[in-house]
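Offset between the sequence shown (1-based) and our numbering: plus 34. Written out below as structure tokens is the structure these notes cover.
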Amino acid sequence: MTTPDTDYAERLSACVLGATGAVGQRLVGLLADHPWFELREVQASLTSAGQSLAQAADRLPPGSLPPEIAALELQPPTSAIEAPLVFSALAADIARDTEEALARAGKTVVSCASSWRMDPRVPLVVPEVNPEHLELLETQADWSGAIATNPNCSTIGLVLALAPLKHAFGLESVHVVSLQALSGAGAATARSLDLLANVVPHIAGEEAKLESETHKILGHLVGQIVKPADLAISAQCNRVPVADGHTLCVSLELLEAVEAQELIRAWREYCGAPQELELPGAPDPVILFHEDPDAPQPRRELESSDPMAIHIGRLRQTGPYNWQFTTLSHNTMRGAAGGSLLLAELMLATGRMARS
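Put into structure tokens, the structure is as follows:
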């Protein structure tokens, strides 16, 4: 790994696309006082264009943005972008063409959208788990810039729980049932009466994302190709009336017979490149294991800890090689805005991002 250079005389200018959505507003809040990146430009739909961030950012606490950030005017999607770094919180149906055009124009695009995640040229990265996949950036010869992607908001919580176990004991198979928060569904769905005191046992495309993205992230780099992990994965996804936090009920089979304390130790000791490089957004610890039988709970855990950490509990053995546990992660922070920001920090610290 390239030695980090964090002695930056000036912060790198950044732009946020989709700045008025749930993830876009989280990115704005995180970039408002970031030590390495300076938010200089914001784009949104034609409906919001022309408003200031202070007027349009309805999910951020009033007065939480510095005056110079609050005063930024939202530009329409067709506006030229000056900043070399672009965070994309666009919807998948418009993200692909927009992000490719920016990469061709020399911009570094860090995307929360699903459009490019499974493209063989594009790294899909959880910074603690597979930073070496950033080598795929070298295959993007058609672009003078680059695209790197953040995984699906549920995938991140699953992968961070599986990676330490795969490394230490090997994995044979995984089945996961998700209970996904309203904030992951977009503003319209989050306000829908269909989800009031209700559970919707279907989220379009989500199960396929959990399965395919986990295979790619846990896979290993062979030359300039990611060989997917040799692992059986199946998923069932549900939308539940919880504001923030995706809960996953995981059943898995290991390749080795181990004791519970060995799994717990692997989780508690887990760290990666962000912690080694002391990146600004790196959680420490990465994984919080809970002994309490009623943990983790979204409201309690997410309000009292670093939203970039994940939570694991309810560990129990169901066979010689078989275990079940529950994970919890903050879907718009670790699973989206914070994860993308951490990825950008990793890229800059390891020399994989142009500063102009």
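Each residue gets a CB set at the ideal place from its N, CA and C atoms; glycine is no exception. Quick caveat, the model's predicted, so the values are computed rather than measured.
Cut-off 6 Å between Cβ atoms - residues of its own chain near residue i, not counting five sequence neighbours on either side
| i | result |
| --- | --- |
| C49 | E75, I115, A117 and V120 |
| Q309 | A316 and D318 |
| N356 | E287 |
| V144 | F121, A182, S374, L377 and A378 |
| L136 | V120 and V143 |
| S391 | No information on residue 391 is available, as it lies outside the stretch 35 to 390 that the chain covers here. |
| H209 | S268 and S285 |
DSSP beta-bridge partners of residue i
| i | result |
| --- | --- |
| S86 | E107 |
| L286 | V208 and W357 |
| H254 | K261 |
| S268 | H209 |
| C49 | E75 and V120 |
| H280 | S363 |
| R273 | Q214 and V234 |
Continuous alpha helix (DSSP H) stretch holding residue i: start and end
| i | result |
| --- | --- |
| A378 | G372 to A383 |
| V193 | C187 to F203 |
| T248 | E240 to I251 |
| V62 | A56 to L65 |
| R155 | Careful: R155 lies outside any alpha helix (DSSP H) and carries neither H nor E. |
| T132 | A126 to R138 |
Spatial neighbours of residue i in its chain, beta-carbon cut-off 8 Å, leaving aside the 5 residues before and after
| i | result |
| --- | --- |
| P332 | A215, V276, A277, D278, G279, T281 and L362 |
| P314 | H68, P69, W70 and E379 |
| R45 | H68, P69, W70, F71 and E72 |
| A90 | A53, T54, A78, S82 and L108 |
| L80 | P110 and P111 |
| A152 | Here the sequence assigns Met to residue 152, which means Ala is not the residue at that position. L158, S246, E247 and K250. |
Bounding residues of the beta strand (DSSP E) (the contiguous stretch that carries residue i)
| i | result |
| --- | --- |
| Q358 | N356 to S363 |
| A182 | A180 to T183 |
| S75 | Here the sequence assigns Glu to residue 75, which means Ser is not the residue at that position. Its beta strand (DSSP E) spans residues F71 to Q77. |
| T112 | No beta strand (DSSP E) contains T112, which DSSP labels as neither H nor E. |
| T142 | T142 to S145 |
Nonlocal neighbours in the same chain, by C-beta distance under 7 Å from residue i, ignoring five residues either side
| i | result |
| --- | --- |
| E166 | L255 |
| T37 | Its pLDDT being 39, under 50, T37 is placed unreliably in this model, and the value from its coordinates should be taken loosely. Hits under 7 Å: none found. |
| R93 | A56 and Q59 |
| I190 | V160, S363, R368, G369 and G373 |
C-beta atoms of residue i and residue j nearer than 7 Å
| i | j | result |
| --- | --- | --- |
| H324 | P341 | no |
| C187 | G55 | no |
| L87 | A104 | yes |
| A291 | P354 | yes |
| T173 | Q258 | yes |
| S212 | C305 | no |
| R386 | L171 | yes |
| R273 | I237 | yes |
| S113 | R130 | no |
| H345 | P330 | yes |
| G239 | S178 | no |
Would you mind listing the alpha helix (DSSP H) stretches within the stretch 283-358 that are 4+ residues and don't spill past its ends, in chain order?
294-302, 307-310 and 332-336
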